[in-house]
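Numbering (the working numbering), first residue to last: 8 to 223. By construction, the Cβ of each residue, glycine as well, lies at the ideal position given by its N, Cα and C atoms. Everything numeric in this text was worked out from a predicted model, so none of it was measured. A short write-up of the structure that comes next.
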């Protein structure tokens, strides 16, 4: 009986993980298709070629692949394809720096954990900022943990809302936090409550999203 209950709980957990994964896939795909439509209207052929190539890479690595886990190197390659698409859209307004410690490249994490955080930072942190915006993606090992930081100098988050988000009470109340809710839930389904997301932010100055994972 105990084994049966445990197996049922595991099946339910895997079903929820797959459902959460399915939410993320169309989210960034629809945004990318909107960018393609925008480029087509402006007859920007060279940019269209780049975006179609990078979209193909994204589809192969995220939607058509049946792997649940990817290496850090594979995850960063996905991020780089996504950023190339966004830089075509935002042009000189978007400045991106990626600093990943080489000694973590071969560790594993669930696919599409970092991309929704980067997407959230660009769309909700930088898009509404006047002038240029900077985004930094850091990754390193700290003891027995993988630590990633996505740092933007965008519009930031009000203190009251930030407190609710970090208390996990407001991760689903607005459209701009759906991706963060999804990522945090998947992390905790995989690894338990000791891992997940933490946000720090200052209105008008930007936001830091820290992602903590075990070494695998």
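Our two residues, residue 117 and residue 83, have alpha carbons roughly 12 Å apart in a direct line. A residue is called buried when at least 16 other Cβ atoms come within 10 angstroms of its Cβ; residue 88 meets this threshold and is buried.
Beta bridge pairing from DSSP links residue 152 with 149 and 221. Residue 207 is bridged by DSSP to 215. The criterion of a C-beta distance shorter than 9 Å is satisfied by residue 222 and residue 153. Taking 9 Å as the cut-off, the beta carbon of residue 128 is found no closer than this to the beta carbon of residue 169.
The region 102–109 makes no contact with the region 53–68; the number of CB pairs closer than 8 Å stays below 3. Scanning 187, 96, 136 and 14 for the CA closest to the CA of residue 53 turns up 96.
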